Amino acid sequence: MLSKASTAQYSFSRIGRRVVLPLLLLSGSPRPSFSTFIPPTGPCQLSETWTELPLINTEKLTKQTSSFTYQLPNSSTPLNLSPCSCLLVRNKDGVVRPYTPTSNNEQKGSLTLTVKHYPNGILSSSIFSESPLEFSHIPANVKLQYPLPPSISRVLLIAGGTGITPISQLLECLNDEKDIVKEVVILIGDNSSSDVIELDVLNKLPSKKFKVVRVFSAAICGPPGMMKSICGVREEKNVTGILEELGWKDDEVYKF
Ligand SMILES: Cc1cc2nc3c(=O)[nH]c(=O)nc-3n(C[C@H](O)[C@H](O)[C@H](O)COP(=O)(O)OP(=O)(O)OC[C@H]3O[C@@H](n4cnc5c(N)ncnc54)[C@H](O)[C@@H]3O)c2cc1C
Numbered sequence: 001m002l003s004k005a006s007t008a009q010y011s012f013s014r015i016g017r018r019v020v021l022p023l024l025l026l027s028g029s030p031r032p033s034f035s036t037f038i039p040p041t042g043p044c045q046l047s048e049t050w051t052e053l054p055l056i057n058t059e060k061l062t063k064q065t066s067s068f069t070y071q072l073p074n075s076s077t078p079l080n081l082s083p084c085s086c087l088l089v090r091n092k093d094g095v096v097r098p099y100t101p102t103s104n105n106e107q108k109g110s111l112t113l114t115v116k117h118y119p120n121g122i123l124s125s126s127i128f129s130e131s132p133l134e135f136s137h138i139p140a141n142v143k144l145q146y147p148l149p150p151s152i153s154r155v156l157l158i159a160g161g162t163g164i165t166p167i168s169q170l171l172e173c174l175n176d177e178k179d180i181v182k183e184v185v186i187l188i189g190d191n192s193s194s195d196v197i198e199l200d201v202l203n204k205l206p207s208k209k210f211k212v213v214r215v216f217s218a219a220i221c222g223p224p225g226m227m228k229s230i231c232g233v234r235e236e237k238n239v240t241g242i243l244e245e246l247g248w249k250d251d252e253v254y255k256f
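Here is the structure:
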């Protein structure tokens with residue numbers, strides 16, 4: 001996730017048959033409004049102590065991504081998670097990974113995770129095989145906390161695949177009319193259109209302040225240092241750097 005006082009210039013061009021972008025989801029017709037982040041009304045239902053939560057619902061979202069809803073100990077109150085927080089999830093072998101709920105404090109008695117299945121991934125496989133799982137929460141466990149520093153008025157958020165989950169919480173906060181950020185661009189990279197995760201929050205953001213740009217392949221041009229860190233040096237076909245980490249393949253990236 002990147003934030004800058006001044007939003008970076010971004011532009012994409014059509015190259016050959018492959019490019020597929022950008023899809024500006026939010027320009028044009030007005031969108032229905034949606035509630036902004038609901039602050040916790042009490043302590044988080046989960047603490048640093050591991051708590052097993054029963055799985056009560058699953059929903060397939062894309063071929064590799066599903067949502068999983070778990071029952072909370074207290075059925076009449078929400079999870080009460082503070083903004084920009086994540087939970088820790090542990091399987092029966094003691095493997096721990098962080099996940100960010102895509103449910104908010106409107107949802108009482110349960111929490112929902114949106115998870116991508118990595119075929120060889122340990123914890124995501126435990127989640128998809130519906131094995132028993134334990135959850136815990138360490139307050140303020142993510143580097144970026146809300147509200148953002150007052151000097152920031154324009155924000156660029158970059159997400160790859162399920163990287164959109166932590167950003168969804170932040171978007172609800174930034175949509176608060178009292179928030180001082182004036183402009184938010186959300187750049188989301190997915191392997192293909194069938195991998196797009198349709199989070200409700202994304203479809204309801206007001207277009208005056210938020211722009212969602214979806215990319216399925218990328219054309220990149222810039223000085224050598226930037227090329228190296230984003231996609232690898234221009235002379236080499238293979239993709240390295242940030243785009244490789246985000247899962248981009250050699251035939252999806254064009255180095256000018
Ligand atoms: C703050 C935060 C919030 C997150 N929220 C979410 C969320 O809401 N939803 C979500 O889906 N994810 C989220 N993640 C990512 C999540 O924590 C896990 O990293 C992810 O689910 C993969 O874990 P895993 O145990 O299944 O895979 P791992 O076992 O860690 O493996 C991941 C992938 O790397 C490959 N791999 C593993 N080891 C190697 C190796 N040595 N060499 C090459 N390849 C290897 C595996 O085959 C697999 O494809 C979040 C991460 C962070 C940091």
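With the UniProt record's numbering applied, the sequence shown corresponds to residues 1 to 256, in that order.
In this text, a Cβ means the ideal position worked out from N, Cα and C, and glycines have one as well.
Predicted model only: the values in this text are computed from it and were never measured.
Using a C-beta cut-off of 8 Å, the segment 113-121 makes no contact with the segment 74-85, since fewer than three inter-stretch Cβ pairs fall below that distance.
Inside the segment 93-162, DSSP marks whole beta strand (DSSP E) runs of 3 or more residues at positions 96-99, 110-116, 134-136 and 154-160, from first to last along the chain.
Taking all protein chains in view, the Cβ of residue 57 is surrounded by fewer than 16 other Cβ atoms within 10 Å, so the residue is classified as exposed.
The segment 181-190 and the segment 144-157 touch, with no fewer than 3 CB-CB distances between them shorter than 8 Å.
With fewer than 16 other Cβ atoms inside 10 Å of its own Cβ, residue 250 counts as exposed. Proximity annotation: ligand 1 has residues 86, 97, 98, 99, 100, 115, 116, 118, 120, 121, 122, 123, 124, 162 and 165 in chain order, each selected because its CB is closer than 5 Å to a heavy atom of the ligand.
Rounded to the nearest whole angstrom, the C-alpha separation of residue 193 and residue 219 is 18 Å. Of all C-beta pairs linking the segment 165-173 to the segment 199-212, three or more are shorter than 8 Å, placing the two stretches in contact. Here the C-alpha atom of residue 148 lies approximately 9 Å from the C-alpha atom of residue 179.
Distance from the Cα of residue 247 is smallest, within the candidate group 231, 221, 256 and 39, for 231.
Residues 62 of the same chain have their beta carbon placed closer than 6 Å to that of residue 195, with the five preceding and five following residues left out of the count. In the three-state DSSP reduction, residue 85 falls in the coil class, being neither helix nor strand.
Boundaries of the beta strand (DSSP E) around residue 55: 55-60. Note that the C-beta distance between residue 242 and residue 213 is not below 9 Å. Within the DSSP bridge table, the entry for residue 52 names 134 as partners. The Cβ atoms of residue 253 and residue 239 lie closer than 9 Å to each other. If you draw a 10 Å sphere on the C-beta of residue 226, you find fewer than 16 other C-beta atoms in it, and that means exposed.
One alpha carbon belongs to residue 237, the other to residue 92, and they sit about 42 Å apart.
DSSP, read as helix, strand or coil, puts residue 41 in coil.
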